[in-house]
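One point on numbering: in the numbering used here, the residue at position 131 of the sequence shown is 1057, and numbering is uninterrupted.
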Amino acid sequence: MNVHSVIRRILRRDPNFEPQKCYGQDGEDLIVDRILGRQQVGFYVDVGAHHPVRFSNTYMFYRRGWRGINIDAEPGSMRLFQRYRPLDINIECGVAARAGQLKFHRFNEPALNTFDSAEAALKDRSPYKIIETVDVCVERLDSLLERHLPPSQTIDLLSVDVEGKDAEVLSSNDWTKFRPRLVLAETLRADLLSIANCPVSLLLGGVGYKPVAKAFNTVFFAQGDQA
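Right, dumping it as structure tokens:
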């Protein structure tokens, strides 16, 4: 009998054991679920959504019955979202401080795709490499929400993962109008002691959010009165 069989037998004997499957790269979705109290119905906005399932911070909630908006700049990315997340609003577009066009660096690992040239240069090394740089249309987040957010819809979760441009994406939101309960954003290469002074934290702190948890790269921010 191998060790996996022994573990399965032990777990089957525990009536309180309930396995949980996560899809986020570092378990972000499980942390969100804990913070929001296992909320059964809700609405998310996923910027830099990457893939409908792989590394997704929102797919677990889609399966539960949540709905939302998925946004990604990767050309052709929304074909998979339309197939596997047909009940969501799926938008192929970049997000930036100003509408227009930006250079988008595409990697052999799409999770690393980025508008940030410095970040792309750091990651352009074996086994990863830039396969091409293309011009991609970008819009402000508040403009996209104005057009696509259903009327009177509140946002429970905003997840931002754009490889180095998270603060810029967040700066393009209208925080007086669109105030998610919980915001996820990456603070690349920021340790626990330096999180408070990183651009994402300073921006979100200025609009009333506080850090409440951290995964490997992702920090979780809640509105001050809910933190």
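Think of the CB as a built atom: it goes at the ideal place given N, C-alpha and C, for glycine as much as any other residue.
Checklist entry - Buried or exposed: residue 974, going by 16 or more other Cβ atoms within 10 Å of its Cβ? => result By the neighbour-count rule (16 or more Cβ atoms within 10 Å), residue 974 is buried.
Checklist entry - So residue 1041 and residue 1022 are in contact, right, with Cβ under 8 Å, and what is the actual spacing, rounded? => result Separation of the CB atoms of residue 1041 and residue 1022 is rounded to 7 Å, and the pair is thereby assigned contact status at 8 Å.
Checklist entry - Should the segment 1047–1055 be regarded as contacting the segment 980–1000, the criterion being three or more beta carbon pairs within less than 8 Å? => result Output reads no: the segment 980–1000 does not touch the segment 1047–1055.
Item to check | Presumed contact (8 Å Cβ cut-off) between residue 1068 and residue 1099, rounded CB distance | outcome: The Cβ separation is near 5 Å, so the contact holds.
Checklist entry - Since residue 1008 is in the alpha helix (DSSP H), which residue starts that stretch and which ends it? => result The continuous alpha helix (DSSP H) containing residue 1008 extends over residues 1004–1010.
Checklist entry - Considering only residues of the same chain and omitting the five flanking positions on each side of residue 877, which have a CB-CB separation below 6 Å? => result In the structure displayed, the chain extends from 927 to 1153; residue 877 sits before or after that span and is not available.
Checklist entry - Alpha carbon to alpha carbon, what distance is there between residue 928 and residue 1013? => result Those two C-alpha atoms are separated by around 42 Å.
Item to check | N-terminal and C-terminal residue of the beta strand (DSSP E) that residue 958 is part of | outcome: It is not in any beta strand (DSSP E) - residue 958 instead sits in the alpha helix (DSSP H) that spans 954–961.
Checklist entry - Secondary structure at residue 985, three-state DSSP: helix, strand or coil? => result Residue 985: helix per DSSP, three-state reduction.
Checklist entry - Among the residues of its own chain, which have a CB less than 6 Å from the CB of residue 1148, if the five just before and after it don't count? => result The residues are 1108 and 1138.
Next on the checklist: Which same chain residues end up closer than 6 Å to residue 1150 when comparing Cβ atoms and leaving out the 5 residues on each side of it in sequence?
Outcome noted: Excluding sequence neighbours, residue 1150 sits near 1134 and 1136.
Item to check | Distance between residue 1015 and residue 1073 (C-alpha atoms, nearest Å) | outcome: Within the model, the alpha-carbon separation for residue 1073 versus residue 1015 is close to 11 Å.
Checklist entry - Hey, how far is the Cα of residue 1087 from the Cα of residue 1044? => result Approximately 16 Å, taken between the alpha carbons.
Checklist entry - Looking only at DSSP bridge pairs, what is residue 1112 linked to? => result In the DSSP output, where bridge partners are listed per residue, residue 1112 has 1144.
Checklist entry - In this structure, does DSSP put residue 1136 in helix, strand or coil? => result In the displayed model, residue 1136 falls within a strand according to three-state DSSP.
Next on the checklist: Quick check: is the beta carbon of residue 1031 nearer than 8 Å to any beta carbon in chain B?
Outcome noted: No chain B appears in the structure shown, which is made up of a single protein chain.
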